[in-house]
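J.: Numbered per my numbering, the sequence shown spans residues 22 to 163.
Note that beta-carbon positions come from the ideal geometry of N, C-alpha and C, so glycine has one too.
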Amino acid sequence: MRFILPLSITLLLLSVTLGLFATPLQSAPTGSIGTSFEGRDIVFYRFGEGERSIVVYGGIHGGYEWNTIWLSHELITYYLENGDSLPGNISLYIIPCLNPDGLARVDGRGDCAGTDFANFDYSFEESKKGRFNARGVDLNRN
22 MRFILPLSIT LLLLSVTLGL FATPLQSAPT GSIGTSFEGR DIVFYRFGEG
72 ERSIVVYGGI HGGYEWNTIW LSHELITYYL ENGDSLPGNI SLYIIPCLNP
122 DGLARVDGRG DCAGTDFANF DYSFEESKKG RFNARGVDLN RN
């Protein structure tokens, strides 16, 4: 027997769960790779001093891929607490959100570091607005 919850209940449960496990970002080495079309900083966090670079990025679509922004923040929190677990030859760059303008279409701010995922509107109708960047381009299809 399959049990399927209504979308509204699923979204509510997801919101509560993320609120329980969300951790605010602490201090981390940061910089900016530039600005978005609308002038928002595209921030990166760096861990390690190795000669081999690994880049992890999230939020290509600022709205309906909010989970990749959240995952990026979880990685940042992990490496803040466990920085010694990174191999010495690695420099890890984490860019939580490549499309802060798309995120702004959904959360009203586009602040990838300060997005409150516990109060985020996970509805498909709202979050699909963030699929496009500020120029109206779907970065997955154009």
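Cβ-heavy atom distance between Ile54 and the ligand ATP below 6 angstroms?
T.: The ligand ATP is absent from the structure shown, which contains no ligand whatsoever.
J.: Any contact between the segment 75 to 82 and the segment 51 to 58? By contact I mean 3 or more CB pairs, one from each, below 8 angstroms.
T.: no
J.: Trp87 to Gly123, Cα distance in whole Å?
T.: 10 angstroms
J.: Are the CB atoms of Tyr114 and Arg67 within a distance shorter than 7 angstroms?
T.: yes
J.: Taking the straight line between their C-alpha atoms, what separation do you get for Gly109 and Gly69?
T.: 7 angstroms
J.: Return the Cβ separation of Pro117 and Ile75 in integer angstroms, given the expectation that the two are a contact with Cβ distance under 8 angstroms.
T.: Not confirmed; about 15 angstroms, so no contact.
J.: In the DSSP assignment, what residue or residues form a beta bridge with Thr56?
T.: Asp62
J.: Rounded C-beta distance between Val77 and Leu96? I'm assuming under 8 angstroms.
T.: 6 angstroms
J.: Within 10 angstroms of the Cβ of Asn120, are there 16 or more other Cβ atoms? Answer buried if so, exposed if not.
T.: buried
J.: What did DSSP end up calling Leu113 once you bin it into helix, strand or coil?
T.: strand
J.: Excluding the 5 residues flanking Phe58 on each side, which residues of the same chain have their C-beta closer than 7 angstroms to its C-beta?
T.: Asp122, Asn154, Ala155 and Arg156
J.: Can you tell me which of the three DSSP states Arg73 falls into?
T.: Arg73 falls in the strand class under three-state DSSP.
J.: Considering only their Cβ atoms, is the gap separating Ile63 from Gly55 smaller than 7 angstroms?
T.: yes
J.: How long is the line joining the alpha carbons of Leu92 and Ile111, rounded to whole angstroms?
T.: 20 angstroms
J.: Does DSSP classify Arg67 as helix, strand or coil?
T.: strand
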